[in-house]
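See below for the structure under consideration.
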Amino acid sequence: MSGCKRKAISLEQKAAILEAVSKGEKKRDVAARFAISQSTLSTILKAKDSILSSEKCGTSAQLA
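Residue 58 in full-length UniProt numbering sits at position 58 of the sequence shown; the count goes up by one each step and never skips.
Pasting the structure below:
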């Protein structure tokens, strides 16, 4: 374990991440801009449908 503390990413940040990737920004650049690992970015991309539906409903999505 690297000893880093986990930080929560808000639903709004996740939506912004998805928007940046969908606009064609490189995944590496998106991860660096939001200070997340590429693994976390991949997890967010896998849960895209859940995140977007939660954002529309105004509910909180539980995601890594």
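Every residue, glycine too, gets a C-beta built ideally from N, C-alpha and C.
Give me the Cα-Cα distance between residue i and residue j, rounded to the nearest whole angstrom.
i, j, result
"ARG33", "SER50", "23 Å"
"SER22", "ALA16", "10 Å"
"SER42", "GLY24", "15 Å"
"ALA35", "GLU19", "16 Å"
"ASP29", "LEU45", "15 Å"
Exposed or buried, which one is residue i when buried takes at least 16 other CB atoms within 10 Å?
i, result
"LYS14", "buried"
"ALA31", "buried"
Which whole-angstrom value describes the C-beta separation of residue i and residue j, a residue pair presumed to lie in contact below a C-beta threshold of 8 Å?
i, j, result
"SER54", "LEU11", "6 Å"
When you measure from the CB of residue i to every non-hydrogen atom of the ligand GTP, does any distance come out below 6 Å?
i, result
"ALA47", "The model on display carries no ligand, and the ligand GTP is accordingly not part of it."
Take residue i and list the residues in its own chain whose beta-carbon comes closer than 8 Å to its own, dropping the five residues that flank it on each side.
i, result
"LEU52", "ALA15 and LEU18"
Spatial neighbours of residue i within its chain, please: CB distance less than 6 Å, with the 5 preceding and 5 following residues excluded, ordered by chain position.
i, result
"LYS7", "none"
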